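Here the structure is laid out as structure tokens; the discussion comes afterwards.
Number of protein chains: 2
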Amino acid sequence: MDTAASIAQTPEPPYYAVIFTSRRREGDRGYAAMADRMIELGSGVDGFLGIENTRDVNGLGITVSYWRDEAAIMAWKRDAEHVKAQQGGKETWCGDYQVRIAKVERAHHGP
Amino acid sequence: MDTAASIAQTPEPPYYAVIFTSRRREGDRGYAAMADRMIELGSGVDGFLGIENTRDVNGLGITVSYWRDEAAIMAWKRDAEHVKAQQGGKETWCGDYQVRIAKVERAHHGP
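So this is what it looks like as structure tokens:
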């Protein structure tokens with residue numbers, strides 16, 4: 000999806016960010032399709048503001064999704080299909096990961 | 000530097016994150032060397048907690064640096080060599096970028 004490969008257009012702060020950093024194990028094993036599906040699902044959640052997603056050639060990936068408030072993050076966290084993907088993430092795809100919930104207080108952009 | 004290619008080991012929240020998302024123009028033009036130098040410099044600033052950095056094959060990059068507090072971010076923002084790199088970023092490297100300052104409130108990791 001195009002939304003995952005560009006800089007998110009977000010409103011003026013404050014809003015929330017979920018920073019998901021992960022190291023993939025070797026091989027795709029359905030990861031790309033799952034990731035696309037999660038972006039499609041997540042972007043339909045009320046309060047979703049945008050997403051930025053990159054993964055380098057060595058397998059380190061950072062996905063930052065942006066949300067209106069914590070309630071929107073919680074709604075997405077509890078989505079049934081997303082819960083299943085989180086399980087898959089633990090069992091199949093990610094060797095290691097870190098999730099951070101952060102309140103965006105200031106932002107600026109260029110050029 | 001190895002610190003840029005792994006998941007940052009950060010303390011318990013709260014702490015701060017600077018989310019820098021950018022789209023590179025074609026070609027390196029000294030970018031990689033500058034980025035390495037900035038990581039080396041930034042990691043020497045009092046209050047620096049860690050950094051995560053990825054760039055995908057299409058040129059979209061996300062760098063998240065973590066800081067003890069806003070004072071540490073401000074000190075780094077004003078570093079002379081860093082200011083010069085920010086200028087270079089505007090003029091030479093980045094077609095488009097977004098910087099967000101966020102307070103990390105919660106975090107969890109796995110497996």
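Quick mapping for you: the protein sequence lines, in order, are chains A and B. Note that numbering that gives the first Met the number 0 has the first sequence beginning at 0, numbered continuously upward. Note that numbering that gives the first Met the number 0 has the second sequence beginning at 0, numbered continuously upward. All residues carry an ideal CB built from backbone N, CA and C; glycine is no exception. For clarity, every value in this text was computed on a predicted model and none was experimentally measured.
Cβ atoms of B/T20 and B/Q85 stay farther apart than 8 angstroms, at about 15 angstroms. When the alpha-carbon of A/V17 is set against those of A/K76, A/R54 and A/A34, the nearest one is in A/K76. Using a Cβ-Cβ cut-off of 9 angstroms, A/I6 counts as an interface residue toward chain B, since at least one Cβ of chain B sits closer than that to its own. In this structure, B/P10 and B/E104 do not form a Cβ contact; the two beta carbons are roughly 13 angstroms apart against a cut-off of 8 angstroms. Counting only runs of 4+ residues, the alpha helix (DSSP H) found wholly inside the region 6-87 of chain A occupies 30-41, 69-77 and 79-87, in chain order. The region 27-39 of chain B and the region 28-37 of chain A do not touch, with fewer than 3 CB-CB distances between them shorter than 8 angstroms. Going by beta carbons, B/R22 and B/G46 fall outside the 9 angstroms limit. The Cβ neighbour count for B/R24, taken over all protein chains shown within 10 Å, is under 16; the residue is labelled exposed. A direct Cα-to-Cα measurement between A/E69 and B/V63 gives close to 21 angstroms.
The beta carbon of A/E39 sits no closer than 9 angstroms to any beta carbon of chain B. Across the structure, A/G58 and B/D78 are spaced so that their CA atoms are roughly 31 angstroms apart.
By the criterion of a C-beta distance shorter than 8 angstroms, B/A74 is surrounded in its chain by V44, D45 and G46, once the five residues flanking it on both sides are discounted. Counting only the Cα atoms, A/R67 lies some 17 angstroms from A/I6. Within 10 angstroms of the beta-carbon of A/E80 lie fewer than 16 other beta-carbons, which makes it exposed.
Taking a beta-carbon distance threshold of 9 angstroms, B/L48 does not count as an interface residue toward chain A. Looking from the CA of A/H107, the closest CA among B/G88, B/G41, B/R99 and B/S42 belongs to B/R99. Using a Cβ-Cβ cut-off of 9 angstroms, B/D55 counts as an interface residue toward chain A, since at least one Cβ of chain A sits closer than that to its own.
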